[in-house]
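Single-structure report; data block below.
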Amino acid sequence: MTSRKITHQQYQHLSQLVLADGNVDDQEIQQINRLFDAVQTGRIKVLG
Numbered sequence: 002m003t004s005r006k007i008t009h010q011q012y013q014h015l016s017q018l019v020l021a022d023g024n025v026d027d028q029e030i031q032q033i034n035r036l037f038d039a040v041q042t043g044r045i046k047v048l049g
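Going letter by letter, the sequence shown gives residues 2 to 49 in the working numbering.
Right, here's the structure in full:
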């Protein structure tokens with residue numbers, strides 16, 4: 002993530018990993034929220 006860009010495929014893979022076991026703990030929620038905030042504010046770009 003140092004390039005501040007992820008591909009759509011990487012984004013989908015991350016989503017699958019997060020949802021794989023059906024359990025998301027507090028730390029994972031915080032990390033996910035930070036990632037989504039970065040995407041929404043343009044600090045990380047999802048490439049098509």
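Note that CB positions come from ideal geometry on N, CA and C, so glycine has one too.
From a predicted model like this one, the values you see are computed outputs, not experimental measurements.
Host alpha helix (DSSP H) of residue i (start-end)
i, result
"Ile33", "27-41"
"Ser16", "9-20"
Nearest neighbour of residue i, chosen from the options [CA to CA]
i, options, result
"Gln32", "Val19, Lys6, His14, Gly43", "Val19"
Pairwise C-alpha distance: residue j and residue i
i, j, result
"Ala21", "Leu48", "23 Å"
"Asn34", "Asp27", "11 Å"
"Ile45", "Gln11", "13 Å"
"Ile30", "Ser4", "23 Å"
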